[in-house]
Amino acid sequence: DPGIATYDPGFVNTASCRSAITYIDGDKGILEYRGYPIDQLAEHSTFLEVAYLLLHGELPTQPQLDQWTHDVTYHTFLHENCKQFIEGFRYDAHPMGMLMASVSALSTFYPDAGTIADPDVRQAQITRLIAKMPTLGAFVYRHQQGKPYVYPDNRLSYSANFLAMLFKMSEPTYQADPRLVKALEVLFILHADHEQNCSTNAVRSVGSSQVDPYSAVAAGVGALYGPLHGGANEAVLKMLRRIGTVDNIPGFIEGVKEGKEKLMGFGHRVYKNFDPRATIIKKACDDVFEVTGVNPLLAIAKELEKIALEDEYFIKRKLYPNVDFYSGLIYEALQFPPEMFTVLFAIGRTPGWLAQWSELVQDKDQKIARPKQIYTGARNRDFVPMHRR
Ligand code: SDX
């Protein structure tokens, strides 16, 4: 009877939607954006070009890319009032909490954002969100650091502008090393979309009520904040720091096998083989460390990976490094504090969230999200007056 729901924790075997955006084969370790393998895009493309591909389904021509880059570049500024609510956060507020609140607040600055049936309105909000996420990320970071805001410098590329807004102090122009800008671009590309993951599912679910995209993306930021999802890269660094030395790895692994904790950055709901992004990020580590010097935690990470991959516990459960295992090492080498790592993940994932949202709101068959439940509680009970409870 189609009316009877079958219990499927985490929707592992049920399809919540049809989508033509990202293809994953978890057994073969395949990831493609609109049919293009992730390693080709990481090697040859830029983040804005990949964002265009995810949103429109095709790689842009040069005029299309020039127009898209122009539109994003000239929407990087925030309404000045945004500073007032960022100022309202404590100095030690977690950047993801500040980002989630700030993204949802953006919906109040664009009252027409809810008229999502209009393609021009949709495109305007998509452009604004992709343009403003780095500015919001930089502003919450500067607030947390007690430093003055650095406004966007629209002469710079997307990722160079972000690094300048984060790290510029008294120098007239902040010029990040081009190799570091390239590494950040690759990381953003690798995080840009990933099919129906937890945060994208949140964006689609909230978006299915036909709310504006800022509110839907804010829900995605909230889901990504969790340590089992986007927060894992921050948790990996804390785990490596707690292990401390290579000699402590066997003891740590035993603790994991006893169920005391998880090996953060390992395992995946879909990949039961290598996460192709982890392989690319591991290579990017070498490029970044050429500039910044090797992160001392890299040796622990590599030995931990080696031991885990040879251990029956992990082999039997098909646990391999995922996108978060090495990304934190690069972010730390780029001078980001751990609590900013998931903000970087959110900036990279924004085009994917918006491509999935846009696909959803244009799908005539897509209804408002309303998952079934299997009721396990009591039924038809008589009310109990207070004196008899
Ligand atoms: C991301 O979905 C996406 O696409 C997400 C993402 C994206 O791009 O959006 O790829 C980004 O979220 C990557 C994942 C980052 N999270 C972590 O690294 C946290 C550590 N990983 C785990 O919490 C876990 O692997 C999950 C949450 C990622 C996946 O969990 P599943 O699919 O529910 O796995 P499971 O719980 O069914 O695991 C099966 C077994 C269990 O053991 P048993 O009960 O069979 O004895 O494997 C064990 C789990 O306890 N297990 C782990 C483990 N992950 C699973 N044991 C130790 N360490 C781990 N990391």
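For the sequence shown, UniProt numbering begins at 39 and goes up steadily by one.
Glycine included, C-beta positions come from ideal geometry on N, C-alpha and C.
query                                                                                                                       : result
Expected contact under 8 Å - CB spacing of Ala151 and Pro251 to nearest Å                                                   : 7 Å
Whether Thr114 touches Pro190 by CB criterion (8 Å)                                                                         : yes
4-residue-minimum alpha helix (DSSP H) runs that sit fully inside the segment 339-413, ordered along the chain              : 350-354, 362-371, 379-399
Ala270 Cβ short of 7 Å to the ligand SDX heavy atom set                                                                     : yes
Pick from Thr44, His232, Leu225 that is closest to Tyr71, judged by C-alpha positions                                       : His232
Any non-hydrogen atom of the ligand SDX closer than 7 Å to Leu372 Cβ                                                        : no
Asp362 classed as buried or exposed, judged by whether at least 16 other C-beta atoms fall within 10 angstroms              : buried
Any non-hydrogen atom of the ligand SDX closer than 7 Å to Arg280 Cβ                                                        : no
Beta-carbon contacts of Pro98 that lie in its chain and below 7 Å, excluding the five residues immediately before and after : Glu87, Tyr90, Trp106
C-beta contact flag for Ala256 and Pro265 at 8 Å                                                                            : no
For Phe421, the residue or residues it bridges with in DSSP                                                                 : Partner(s): none; Phe421 has no beta bridge.
Pro75 (DSSP reduced to helix, strand or coil)                                                                               : strand
Complete alpha helix (DSSP H) runs within the segment 199-280 (minimum length 4 residues, chain order)                      : 216-229, 236-245, 251-262
Inter-residue CB distance, Leu278 and Val326 (contact presumed, cutoff 8 Å)                                                 : The pair is not a contact, with the Cβ atoms about 16 Å apart (cut-off 8 Å).
C-alpha distance - Ala43 paired with Arg417, whole-angstrom precision                                                       : 19 Å
Endpoints, the alpha helix (DSSP H) within which Thr60 is located                                                           : Thr60 -> not in any alpha helix (DSSP H); beta strand (DSSP E) instead, spanning 60-63.
Limits of the unbroken alpha helix (DSSP H) element including Ala416                                                        : Segment: none, Ala416 is in no alpha helix (DSSP H) and carries neither H nor E.
Given Gly73 as reference, the closest of Asp65, His82, Lys66, Glu96 once Cα atoms are compared                              : Glu96
Reference Arg56, options Gly415, Pro157, Lys402, His132, closest by Cα                                                      : Lys402
Glu70 in three-state terms, based on DSSP                                                                                   : strand
Residue environment, Gln122, which counts as buried when at least 16 other CB atoms sit within 10 Å                         : exposed
Residue(s) in a DSSP beta bridge with Phe49                                                                                 : Answer is none; Phe49 lacks a bridge partner.
Gly331 burial status per 10 Å Cβ neighbour count (16 or more: buried)                                                       : exposed
Minimum C-alpha distance to Val284 - residue among Ile338, Lys320, Lys295, Ser243                                           : Ile338
Buried or exposed (CB count within 10 angstroms, at least 16 for buried), Ala155                                            : exposed
Near the ligand SDX: Met171 beta-carbon under 7 Å from a heavy atom                                                         : no
Given Gln163 as reference, the closest of Val244, Ala254, Phe374, His132 once Cα atoms are compared                         : Ala254
Beta-carbon proximity list for Phe352, same chain, < 6 Å, skipping 5 on both sides                                          : Ala346
Rounded distance between the beta-carbons of Leu357 and Gly282, thought under 8 Å                                           : The Cβ separation is near 22 Å, so there is no contact.
beta-carbon Phe290 near the ligand SDX non-hydrogen atom, thresh 7 Å                                                        : no
Under 8 Å between C-beta atoms of Leu222 and Thr380                                                                         : no
Enclosing alpha helix (DSSP H) for Ser140 [first to last residue]                                                           : 133-144
Between the CA atoms of Thr414 and Asp420 - distance to the nearest angstrom                                                : 18 Å
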